[in-house]
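Counting in full-length UniProt numbering, the sequence shown runs from 1 upward without gaps.
Positions of the beta carbon are idealized from the N, C-alpha and C atoms, including for glycine.
See structure below.
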Amino acid sequence: MPESDSAPAVLYIDLHLIHEVTSPQAFTELRARGIAPRRPDRTKATMDHSTPTLPRDADGRLPYSSAAAEKQVQTLEANCAQYGIELFDMGSDNRGIVHVIAPEQGFTQPGMTIVCGDSHTSTHGAFGALAFGIGTSEVGHVLATQCLLQRKPRTMSITVEGPLAPGVGAKDVALHIIGTIGVNGGTGHVLEFRGSTIEAMDMEQRMTLCNMSIEAGARAGMVAPDQVTFDYMAATPRGPKGADFDAAVACWKTLRSDDGAHFDAQVAIDASDIRPTLTWGTHPGTAIAIDAPIPAAHDAAARKGLAYMGFDAGHPVAGARVDVVFVGSCTNGRLRDMRDVARVLAGRKVADGVRMLVVPGSEIVKRQAEAEGIDAIVRAAGAQWREPGCSMCIAMNGDLVAPGELAVSTSNRNFEGRQGPGSRTVLASPLSAAWSAVQGRVADVREFFAATPQKEVA
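Written out as structure tokens, the structure reads:
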């Protein structure tokens with residue numbers, strides 16, 4: 001049903017993704033009202049936020065960080081069993097972070113409407129889907145009706161043109177955009193990422209970019225589907241096959257903005273202006289180039305952020321001593337990210353005093369990486385190779401940064417205490433994170449590229 005002045009539109013949801021943290025209350029509400037999920041076949045579940053990334057003990061038990069965390073997992077198992085919802089549980093060969101496994105399985109497809117009780121549902125926009133996060137009450141609404149009431153958002157095009165320099169990747173592009181337009185720059189908008197830089201990205205890079213859309217305040221982010229998308233979809237185990245795939249591609253090819261389409265706002269970025277980028281404060285909008293000085297604090301929030309992080313305006317973040325490095329999350333937990341880490345760590349050691357966790361985003365990513373010997377490279381460097389999960393991104397599973405410690409993290413949020421009480425977080429790319437781990441300081445990965453023959457880093 002289209003929207004009117006007096007009522008929002010009724011939006012049908014093609015794919016509903018759930019996990020153990022934001023779904024229990026929704027199921028409780030459904031039971032209280034005597035309602036069963038309307039389309040359990042359109043719902044997919046996994047466990048990722050509260051799950052440990054350490055292996056099972058000698059008795060086969062998982063080392064949950066708390067009884068509450070284990071209860072969340074058990075509750076999801078019971079809810080999915082009761083209502084016939086497909087669950088990728090702790091014993092599944094395909095389990096992982098919700099925003100990693102849905103694309104790699106082929107559940108995420110161009111043109112879909114996709115929701116999840118998770119802020120970074122915008123990840124799926126990389127496929128040309130309209131994907132956004134919802135609250136727990138809305139999780140219940142979708143389970144009950146397979147619909148949501150929504151107002152049509154405004155539109156913003158973000159066009160990035162030109163090749164990226166060595167050492168600069170999708171995470172740097174995302175942080176540069178957020179640093180440019182601010183954490184409220186996309187409020188009320190769906191972002192469409194366009195231009196030759198975006199077209200040259202593979203699907204994993206596009207997912208990283210769209211994942212960060214919410215950090216610019218946007219409702220969602222997306223990239224128009226193209227041959228890169230179709231090739232990715234063709235390789236998924238659960239996507240359309242045969243004649244169904246051919247018919248799907250014919251439809252997907254129409255899902256592009258028209259030439260000369262009107263956008264409510266437009267942003268143009270020259271890729272040559274993007275350098276390895278990181279954050280200095282306590283939100284992603286504090287993104288600056290690695291070699292740029294921290295700007296002067298002009299408001300109370302900036303002053304508070306500087307004080308919390310222990311940094312000084314006028315000086316770069318580069319050179320700050322690092323305690324922890326985390327590579328993983330729904331932002332940067334895919335195979336390409338693992339490969340980036342491995343090429344930096346190969347033949348090198350993590351600096352003394354640095355604790356490094358490398359956490360694949362899914363069981364499939366883990367198996368693929370291990371088949372390439374990436375786990376051996378990570379361990380030989382002195383880093384920890386963990387089981388799949390959200391891990392240190394959200395610190396509700398036992399993976400914590402200690403109070404006062406400085407972490408270089410490939411996750412998506414650097415809020416106060418996000419990675420543990422009193423933790424300090426610098427957001428960066430996998431390349432920058434790995435190089436910082438080796439150097440023991442926040443370091444410019446262009447040093448690595450300058451010192452390494454290009455045939456070794458290609």
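> Does the beta-carbon distance from L103 to M201 come in below 9 Å?
Replying inline: Here the sequence assigns Pro to residue 103, which means Leu is not the residue at that position. Contact: no.
>> Report the start-end ranges of each beta strand (DSSP E) in the stretch 160 to 242 that is 3 residues or longer and not cut off at the edges.
In response: Qualifying beta strand (DSSP E) stretches, in chain order: 189 to 194 and 220 to 222.
>> Measuring only the C-alpha atoms, how far is G242 from A32?
In response: Rounded to whole angstroms, the separation of the alpha carbons of A32 and G242 is 44 Å.
> In chain order, what residues of the same chain have a beta carbon less than 6 Å from the beta carbon of I269, not counting five sequence neighbours either side?
Replying inline: Excluding positions up to five away in sequence, the list reads V160.
> If you compare alpha carbons, which of G186, K152, A58 and G117 is closest to V267?
Replying inline: When G186, K152, A58 and G117 are compared, the shortest CA-CA separation from V267 is found for G186.
> Whose C-beta lies closer than 6 Å to the C-beta of A383 among residues of the same chain, with five residues either side of it excluded?
Replying inline: Cβ within range, chain order: V350, M356 and V358.
>> Just to confirm the assignment, what range does the beta strand (DSSP E) spanning A407 have?
In response: First-last of the beta strand (DSSP E) with A407: L406 to S409.
> In its own chain, which residues sit with a C-beta less than 7 Å from the C-beta of R56, not counting the 5 before and 5 after it?
Replying inline: Around R56, the same chain offers L62 as residues with beta carbons nearer than 7 Å, after the five sequence neighbours per side are excluded.
>> Give me, in chain order, the residues of the same chain whose beta-carbon lies closer than 8 Å to that of A458; leave out the 5 immediate sequence neighbours on both sides.
In response: Because the pLDDT at A458 is just 41, under 50, the model does not fix this residue reliably, and the value given afterwards should be weighed accordingly. Cβ neighbours of A458 beyond the five flanking positions: none.
>> Could you pull the DSSP bridge partners for P108 from this structure?
In response: The sequence as given places Thr at residue 108; Pro does not occur at that position. DSSP lists no beta-bridge partner residue for T108.
> Between which two residues does the alpha helix (DSSP H) harbouring T145 extend?
Replying inline: Residues T136 to T145.
> Looking at T46 and H19, is the spacing between their C-beta atoms short of 9 Å?
Replying inline: Yes, they are a contact pair.
> By Cβ distance, which residues of its chain are closer than 8 Å to T452, with the 5 residues on each side in sequence left out?
Replying inline: If we look at T452 and ignore the five residues flanking it on each side, it has no Cβ neighbours.
> Between the C-alpha atoms of I158 and A68, what's the straight-line distance to the nearest angstrom?
Replying inline: Going by the C-alpha atoms only, they are around 42 Å apart.
> Given that a residue counts as buried once 16 or more other Cβ atoms are within 10 Å of its Cβ, and exposed if not, what is I178?
Replying inline: With 16 or more other Cβ atoms within 10 Å, it is buried.
> Among all the DSSP beta bridges, which residues are the ones paired with R355?
Replying inline: DSSP output for R355 lists V324 as bridge partner(s).
>> Which of the three DSSP states is assigned to C116 in this structure?
In response: Residue state, collapsed to three classes: strand.
> Any idea if G135 is buried or exposed, counting beta-carbon neighbours within 10 angstroms, 16 or more meaning buried?
Replying inline: By the 16-neighbour rule on beta-carbons within 10 angstroms, G135 is exposed.
>> Going by beta-carbon coordinates alone, are L431 and L278 separated by less than 9 Å?
In response: Result no, Cβ atoms of L431 and L278 do not sit closer than 9 Å.
> Looking at the unbroken beta strand (DSSP E) that takes in T279, where does it start and where does it end?
Replying inline: Taken as a continuous stretch (DSSP letters only), the beta strand (DSSP E) holding T279 covers T277 to T279.
>> Assuming K349 is part of the alpha helix (DSSP H), what are its boundary residues?
In response: For K349, there is no enclosing alpha helix (DSSP H), since its DSSP letter is neither H nor E.
> Among V317, R441, S4 and S122, which residue has its Cα nearest to the Cα of L149?
Replying inline: Nearest of V317, R441, S4 and S122 to L149, Cα basis: S4.
> If you draw a straight line from the alpha carbon of D312 to that of N211, how long is it in whole angstroms?
Replying inline: Rounded to whole angstroms, D312 to N211 spans 30 Å at the Cα level.
> C251: buried (16+ other C-beta within 10 angstroms of its C-beta) or exposed?
Replying inline: With fewer than 16 Cβ atoms within 10 Å of its Cβ, C251 is classed as exposed.
> Can you tell me where the beta strand (DSSP E) with I288 in it begins and where it stops?
Replying inline: First-last of the beta strand (DSSP E) with I288: A287 to A289.
> How should I101 be labelled, buried or exposed, when 16 other C-beta atoms within 10 angstroms of its C-beta is the threshold for buried?
Replying inline: Classification for I101: buried.
> If you follow the beta strand (DSSP E) that T43 is part of, which residue opens it and which one closes it?
Replying inline: Residue range T43 to T46 is occupied by the beta strand (DSSP E) that includes T43.
>> Taking the beta carbon of V324 as the centre, do at least 16 other beta carbons fall within 10 Å, making it buried, or is it exposed?
In response: Flag for V324 reads buried.
>> Using C-beta distances below 6 Å, list every residue in its chain close to P8, excluding the 5 sequence neighbours before and after it, in chain order.
In response: The residues L149, Q150 and R151, in chain order, have a CB closer than 6 Å to that of P8 in the same chain once the five nearest residues on each side in sequence are set aside.
> Below 9 Å between beta carbons: does that hold for V21 and S50?
Replying inline: One thing to note: V21 has its Cβ within 9 Å of the Cβ of S50.
> Can D93 and E363 be called in contact, C-beta distance under 9 Å?
Replying inline: Yes, Cβ-Cβ distance for D93 and E363 is below 9 Å.
>> By alpha-carbon positions, which one of A300, L306 and I274 ends up nearest to T282?
In response: Taking only the C-alpha atoms, the option nearest T282 is L306.
> According to the neighbour-count rule (16 or more other Cβ atoms, all chains shown, within 10 Å of its Cβ), is Q205 buried or exposed?
Replying inline: Within 10 angstroms of the beta-carbon of Q205 lie 16 or more other beta-carbons, which makes it buried.
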